[in-house]
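So the protein sequences, as listed, match chains A and B. Numbering of the first sequence is given in the working numbering, commencing with residue 1 and proceeding in unit increments. Numbering of the second sequence is given in the working numbering, commencing with residue 1001 and proceeding in unit increments. Glycine is no exception: its CB is placed at the ideal position from the N, C-alpha and C atoms. Have a look at the structure below, then the notes.
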Amino acid sequence: MSELLRVENLSVAFRTRGGIVRALETVSFSIARGETVALVGESGSGKSVTAYAAMGILDPAGQVTGGRIVFDGIDLTEASEREIEDLRGREMSMIFQNPRAALNPIRRIGTQIADVLLRHGNIRRADAPAEAVRLLAQVGIPDPARRSRAYPFELSGGMCQRVMIAIALACAPSLLIADEPTTGLDVTTQAVAMDLVRDLARERQMATLLITHDLALASEYCDRVVVMHAGHVVESGPVAELLAAPRHPYTARLLAATPRPGIALGDLAAIPGELPDLRRAAAGVCRFAGRCDRRRDDCAGSLPPIPPGPLHDAACWNPL
Amino acid sequence: MTALLDVINLQKIYPVGGGGKARGQLHAVDDVSFSIAPGETVGLVGESGCGKSTLVRLLARLHDPTAGAIHFGDTDLAGMKARGFARRPERAAIQMVFQDAGESINPRYTAFEAIAAPLRRLRGLRGTALQQRVEELADATGIPRALLGRFPHQLSGGQKARVGIARAIAVEPRLLILDEPTAALDVSVQVVILKLLMDLRQRLGLSYLFVSHDINVVRLICDRVIVMYLGKIVEQGPTAEVLGRPAHPYTRALLSAVPELTLEPPGPRPRLGGEPRSPINPDPKVCRFFGRCPDGRPACADSMPRLSPVGPGHLAACHFA
């Protein structure tokens, strides 16, 4: 499989009143064409920042301080805003948490899909509304012609998420970034939305980066998992291998805290300690060491790097 | 064992549409009956719009039911007006823990003030007695005393959740209604809060009504489960029974939608397509799940299935269960 997105030693820092927050430090991973990769971690792990950086939509306070983001041979950290704008929406697109908030509340959904088509697609103005209806039908919205004239508030949360998916897929991108796409949806709706993304991705050989805190969701829909903790990639590998035999102590701890059938409450264990303060964290050193029961003296040294790629690897001096 | 809470044929209908004269009747909670024994944890599951939240508000006596009875101990709460309930002694006996502690705690109250408010209002505590009780509660819920002076935005998600729990147990309730208390938390914090809740239940002899979306969490802590669909209970029974041998097609669909930590690629799973029927003026003869149900037959449109036994303590409302 050929590589589509390669994130290499990406570092991002945010200027805040309390000091510089090193939100991402030397993050590396890659996605091949047609592959589905999960970016997994708890809140504050830097999953969303990674996605925002890849899309070039970081908050102005955030800055890429190092590394490269290579999309289909183009280095996005060097590219002009024009070039990125051209890719965004056409070649790479994103669906967000809380679909209702991500849609424009005062534009009809058909119009919002047409906007994307007219901006990025090769389509005549007169054909855009019909194409919008076709896209709504494709994401399984019943009575699409009528629904295309609806406003977001007239649709349920699940319907809004389908509209978001229709917008994201309008120009047949080669990469879809889905940032917690099913948070706030019912499990039944979640299953339908995730099936839809998976089926469309397979049909079009589209690569998907699924950002989620839900290991179970990742295990059902993804080929590979990249685990993040406090702005570092701590482990990555094929999903079955990583879940069956996690190598980083953090991944193992995360699994041991996740409720699942056959496990009693007493068998679950919390992860000790808290996320380190990223304003004070020393550069290039394991950020889990303070919470880790496998810590050794050499853990204070520089972090073993994880090269981007499909192999199972953990950034740990004393892996399991 | 006599029930702590006994809900009988509870109903809540909201008038909708058309100014003045209501054109429709929205059946938010329809003919719901169940009970909770002392010390029991009962899970309440179902998708958004199924009436969980309305039911919770009726039980917490924030809304008035249209019909039915809520027996709590020896009193019928259904007859008491929601307006004014806050001044009754029963108010303290049923307390709630809300979904997002960060949203439900007054941002201008310190942790101390948040926990002290119900003690002042319902117990009339002041001064040292108040101070002592708040500290006792902080200890019981694992809030370091040094954090009591902090505002919600200065607390972590787990600490805010603890404040929400401390505030709810402050006036020594007998029933705690937990509305997705861990939905906003990371898994590692969730474990700690669930263990705290189970520990408090035992120590204080509490009963829980645990509203949740998360079947895997319900499985962990609930003795019994109630499944609601469009205002009606479609299935209820012991957790192992309902989740292990679901009798209602909706429960089956719900369970098959839950992602599982699997090492093998999951096989094809039945998915629930479409949307629920409208809760406005529902046909009393048609099963609420009809039309969306994978097993629907003509009989389902002729008579509403009633909850009937399918196993020990296990009820399901389906003609074909």
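Test: residue i CB closer than 9 Å to a CB of chain A
i	result
B:P1259	yes
B:V1192	yes
B:L1206	no
B:I1221	yes
B:D1186	yes
B:I1215	yes
B:R1271	yes
B:E1275	yes
B:A1146	no
B:S1156	yes
B:G1198	The sequence shown places Met at residue 1198 of chain B, rather than the Gly named in the question. True, the Cβ-Cβ gap to chain A drops below 9 Å.
B:K1195	yes
B:V1234	no
B:T1239	no
Secondary structure of residue i, DSSP reduced to three states
i	result
A:E180	coil
A:R400	Only positions 1 to 320 of chain A appear in this structure, which leaves residue 400 of chain A out of reach.
B:N1009	strand
B:K1160	helix
B:H1071	strand
B:R1224	strand
A:T50	helix
A:H213	coil
A:H232	strand
B:F1320	coil
B:P1249	helix
B:V1286	coil
B:K1232	strand
A:V70	strand
A:H326	A question about residue 326 of chain A goes unanswered here, because the residues of chain A that appear run from 1 up to 320.
B:S1048	coil
A:G301	coil
B:L1272	coil
B:E1180	coil
Status (buried if at least 16 other CB within 10 Å, exposed otherwise) for residue i
i	result
A:F29	buried
A:P173	buried
B:G1084	exposed
A:D298	exposed
A:E42	buried
A:R119	exposed
B:G1205	exposed
B:K1081	exposed
A:S11	buried
A:Q190	buried
Closer than 7 Å at the beta carbon, the chain E residues around residue i
i	result
A:Q161	Among the protein chains of the structure shown, namely A and B, there is no chain E.
Chain B contact for residue i (CB, 9 Å cutoff)
i	result
A:V49	no
A:H248	no
A:T189	yes
A:P261	yes
A:V7	no
A:Y151	no
A:E35	no
A:R333	Past the edges of chain A, shown from 1 to 320, lies residue 333 of chain A, and the structure says nothing about it.
A:D86	no
A:A270	yes
A:V21	no
A:V27	no
According to DSSP, residues forming a beta bridge with residue i
i	result
A:T36	A:T208
B:V1192	Note: B:V1192 sits in no beta bridge, so no partner.
B:L1026	B:Y1014, B:I1280
A:Y151	In the DSSP output, where bridge partners are listed per residue, A:Y151 has none listed.
B:T1239	In DSSP, B:T1239 forms no bridge with anything.
A:P321	For residue 321 of chain A there is no data in the structure shown, the boundaries of chain A being 1 and 320.
B:E1113	Answer by DSSP bridge pairing: none, since B:E1113 is not bridged.
A:T188	Paired residues: none, contrary to the question.
key: the segment 1047-1058 of chain B: positions lying closer than 7 Å to chain A by Cβ   = E1047, S1048
ask   = Between the segment 103-121 of chain A and chain B, which residues of the former have a C-beta closer than 7 Å to a C-beta of the latter?
value = none
request  = Could you please tell me which residues of the segment 211-233 of chain A, in chain order, have their CB closer than 9 Å to any CB of chain B?
outcome  = H213, D214, L215, A216, L217, A218, S219, E220, Y221
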